[in-house]
Amino acid sequence: NAGVMQNPRHLVRRRGQEARLRCSPMKGHSHVYWYRQLPEEGLKFMVYLQKENIIDESGMPKERFSAEFPKEGPSILRIQQVVRGDSAAYFCASSPQVTGSSYEQYFGPGTRLTVT
Amino acid sequence: GENVEQHPSTLSVQEGDSAVIKCTYSDSASNYFPWYKQELGKGPQLIIDIRSNVGEKKDQRIAVTLNKTAKHFSLHITETQPEDSAVYFCAARPPYPFTSNNNDMRFGAGTRLTVKP
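Here the protein sequences line up with chains A and B, keeping their order. Be aware that the first sequence starts at 1, since it is given in our numbering, and climbs by one per residue. Be aware that the second sequence starts at 117, since it is given in our numbering, and climbs by one per residue.
And the structure:
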């Protein structure tokens, strides 16, 4: 069973360009979470999605950031008009159908975004 | 919302010694507490977790303890090895069913563990 996959692993964008980060959850997982990690810091929650639904986007900036998890295909985190402060590692995690006992989140390898 | 604090931020031990990392949380409703290990350039890896209905869980050289009354939990690594060197994160999460703005996992700031050979 392949783990969580993210691509690209490294992404360089100039200020003002768009960044698209992709995440394919583990097989059988229908819940996806995006986190941002600045150098030498912890993980900050951004958004939680199920198929075709945004459940909680309270951690995502209201401007320039958006996320989706379509019925088919990977989850996409989109950052429009990137600025230097967007440079960070972006991690995706997935979990199976949530039940009373099933909480585990499994992380992908991350996408390291550098804005020049 | 939940707030998780983690100590120490850095920890250096000699190979073979034990390492202990501690976390406190603020939301008494949180009932799931995982620990992640992150190596340089990689994503966090789940190494052990504990739910609020147990006080201790052990898996070979690692163990986690939970004190619900005091709202703190700890990671214990015994017989440390150089390959244990990494950044360790604790986290806390509220119970299911989740509600909007109350379902995300809150992470501690991390502990950089160095095991000297």
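Quick reminder that beta carbons are idealized off the backbone N, C-alpha and C, glycines included.
Residues from the segment 157-183 of chain B in contact with chain A, defined by Cβ distance under 9 angstroms: 157, 158, 159, 160, 161, 162, 165 and 167
Simplified DSSP state of residue 177(B), which is helix, strand or coil: On the second sequence, residue 177(B) is found 61 positions in, with the first residue counted as 1. Here residue 177(B) sits in coil by DSSP.
Per-residue contacts from residue 105(A) into chain B (C-beta, under 8 angstroms): As a working note, residue 105(A) is residue 105 in the first sequence. Those within 8 angstroms of residue 105(A) in chain B are 150, 162 and 221.
Interface partners of residue 145(B) on chain A, CB under 7 angstroms: Residue 145(B) sits at position 29 when you count from the first residue of the second sequence. Within 7 angstroms Cβ-Cβ: nothing; residue 145(B) doesn't reach chain A, min ~14 angstroms.
Cβ-Cβ separation, residue 107(A) to residue 4(A) (assumed contact under 8 angstroms), whole Å: Locating residue 4(A) in the first sequence gives position 4, counting from the first residue. Locating residue 107(A) in the first sequence gives position 107, counting from the first residue. Indeed, because the Cβ distance is near 6 angstroms, the residues count as touching under 8 angstroms.
Pairwise C-alpha distance: residue 38(A) and residue 88(A): Here residue 88(A) refers to the residue found at position 88 when the first sequence is read from its first residue. Here residue 38(A) refers to the residue found at position 38 when the first sequence is read from its first residue. Their Cα atoms are separated by approximately 5 angstroms.
Three or more C-beta pairs below 8 angstroms linking the segment 190-207 of chain B and the segment 149-165 of chain B: yes
Per DSSP, the bridge partner or partners of residue 186(B): For the purposes of this step, residue 186(B) is identified with residue 70 of the second sequence, where counting begins at 1. Partner(s): none; residue 186(B) has no beta bridge.
Candidates 232(B), 196(B) and 187(B): closest to residue 120(B) by CA position: Position 4 of the second sequence, counting from 1, holds the residue named residue 120(B). The shortest Cα separation from residue 120(B) among 232(B), 196(B) and 187(B) belongs to 187(B).
Chain-ordered residues of the segment 63-80 of chain A with a beta carbon less than 7 angstroms from chain B: none
When 10(A), 65(A) and 23(A) are compared against residue 157(B), the one with the closest alpha-carbon: One-based indexing of the second sequence puts residue 157(B) at position 41. Cα-wise, what sits closest to residue 157(B) is 10(A).
At least 3 beta-carbon pairs within less than 8 angstroms: the segment 59-74 of chain A vs the segment 122-139 of chain B: no
Within 8 angstroms, strictly: CB atoms of residue 113(A) and residue 19(A): Your numbering for residue 113(A) matches position 113 in the first sequence. Your numbering for residue 19(A) matches position 19 in the first sequence. Yes. Within cutoff.
Residue 32(A) vs residue 49(A) beta-carbon contact at 8 angstroms: Indexing the first sequence from 1 puts residue 32(A) at position 32. Indexing the first sequence from 1 puts residue 49(A) at position 49. Yes. Within cutoff.
Through-space distance from residue 51(A) to residue 166(B), alpha-carbon basis: As a position in the second sequence, residue 166(B) is number 50, starting the count at 1. As a position in the first sequence, residue 51(A) is number 51, starting the count at 1. The alpha-carbon atoms of residue 166(B) and residue 51(A) are separated by roughly 28 angstroms.
Member of 231(B), 226(B), 138(B) and 189(B) whose CA lies at the smallest distance from the CA of residue 146(B): Indexing the second sequence from 1 puts residue 146(B) at position 30. It is 189(B).
Residue 28(A) at chain B interface by Cβ criterion, 8 angstroms: Looking up residue 28(A) in the first sequence gives position 28. By this cut-off, residue 28(A) is not an interface position.
Secondary structure, beta strand (DSSP E): runs of 3+ residues fully inside the segment 11-62 of chain A: 19-24, 31-37, 43-50 and 53-56
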